[in-house]
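>
Residue numbers (this note's numbering): 11 to 191.
(1) Is the beta carbon of residue 68 closer than 7 Å to that of residue 195?
(2) Thinking just about the alpha-carbon of each residue, which of 126, 102 and 138 is nearest to the one in residue 63?
(3) Buried or exposed for residue 79, going by 16 or more other Cβ atoms inside 10 Å?
(4) Could you give the DSSP three-state label for residue 93: helix, strand or coil?
(5) If we count the other Cβ atoms within 10 Å of its Cβ and call it buried at 16 or more, is residue 90 buried or exposed?
(6) Over the uninterrupted alpha helix (DSSP H) stretch that includes residue 65, give me the two end residues.
(7) Within this structure, are the beta carbons of residue 118 and residue 105 separated by less than 7 Å?
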């Protein structure tokens, strides 16, 4: 019986020491899980923003509208999901041919290229701050860059930039100011 008491006295307080040693390790693991989760959510949201930007740009009628719609789509997705970029998110729109060759956005929106397959590539870059997590050893920011490719409609309506508003007859009387055909 005295042998049992000796073993118990030797182990007295060992649980407190184990908790004191392991608690910081568990807290560190929990913090790393939070950082990894924040990064994964931010990557997913930036990926979704690139998707929306490419899709909005690919259905636009003009280059200017494509740029405006692409940027607006990115801002809307980032704001809607609560992702704040340290600086404004950068949106880069380019064109791509089926061969993989990069082309300018002007080429992609050339109104005389009816029927030619062209893709719009949207690349979104966002620097996400991690300073609010208060985790020692983690980077202050992470840079996330995602791209998405969307095909342009080959036969979408286009503005030819000629300033024509309505049908015009060769005699000059069928315009918007009346008369004619």
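We put the beta carbon where it would ideally sit given N, CA and C, even for glycine.
In short, the structure shows the following:
(1) This structure gives no information on residue 195, because the portion of the chain shown stretches from 11 to 191.
(2) 102
(3) buried
(4) coil
(5) exposed
(6) 24-68
(7) yes
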